[in-house]
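Residue numbers (the working numbering): 269 to 353. For glycine and all other residues, C-beta sits at the position ideal for the given N, C-alpha and C. Predicted model, so just to flag it, every value in this text is computed and none were measured. For reference, the structure is listed below as structure tokens.
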């Protein structure tokens with residue numbers, strides 16, 4: 269499942285909005301984002317850089333957590349009872 273599909277399903281499950289309404293809200297936000305890009309290109313590029321940094325940091329944090337979980341499972345297999353939950 270793509271990340272966009274996952275986000276869409278997550279938002280859909282957390283709100284009372286219909287799928288059509290949620291898609292139209294996404295289209296409206298995209299149009300506002302593009303309007304901002306056309307009217308203020310310098311600030312838009314800074315915003316894109318900040319968003320890209322947060323996304324990259326989020327992916328890195330997720331990878332670190334996953335590595336920790338895998339390491340915990342390996343420790344539990346090799347040394348049962350070592351990790352108390």
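Residue i versus the options, residue with shortest Cα-Cα distance
| i | options | result |
| --- | --- | --- |
| residue 271 | 336, 338, 323 and 332 | 323 |
| residue 291 | 339, 347, 273 and 310 | 273 |
Span of the alpha helix (DSSP H), counted from its first residue to its last, around residue i
| i | result |
| --- | --- |
| residue 291 | 287-307 |
Residue i - DSSP class collapsed to helix/strand/coil
| i | result |
| --- | --- |
| residue 270 | coil |
| residue 283 | coil |
| residue 349 | coil |
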